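I have placed the structure first, in the form of structure tokens, so that the comments after it can refer back to it.
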Amino acid sequence: MDVAVVRIDDIDYTIVDIIKGYAYLVDLDNPDNFLIMKDEGEDLVSITDEDEFNKACKLFGDKIAG
């Protein structure tokens with residue numbers, strides 16, 4: 322299994338899932354530090370739109386709920 326790690330602001334985040342173009346990242350040293358970013362090809366970008374953030378949260382919630 323491949324594990325992808327991304328360094329953002331001197332913190333290593335592990336990508337725990339990618340769902341419909343949204344990447345879900347967690348700092349394994351501090352699991353309360355969780356990011357959701359949009360996959361833009363080779364780059365991950367911050368989500369600034371509240372509706373898009375809510376959509377990404379719902380996608381993740383639906384997946385973990387089964």
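Residue numbers (my numbering): 322 to 387. All C-beta atoms in this analysis are idealised placements derived from N, C-alpha and C, irrespective of residue type, glycine included. Values in this document were obtained by computation on a predicted structure and should not be read as measured data.
C-alpha distance - residue i paired with residue j, whole-angstrom precision
i	j	result
Val-326	Asp-348	9 Å
Asp-370	Asp-323	30 Å
Ala-344	Phe-374	11 Å
Gly-362	Gly-342	9 Å
Asp-330	Lys-359	17 Å
Ile-357	Gly-387	20 Å
Lys-379	Thr-335	20 Å
Gly-328	Leu-346	The sequence given here has Arg at residue 328, not Gly. Computed Cα separation, rounded: 11 Å.
Asn-351	Ile-332	10 Å
DSSP bridge partner residues for residue i (one or two, in chain order)
i	result
Glu-361	Asp-364
Val-347	Thr-335, Phe-355
Where the alpha helix (DSSP H) through residue i begins and ends
i	result
Lys-376	371-386
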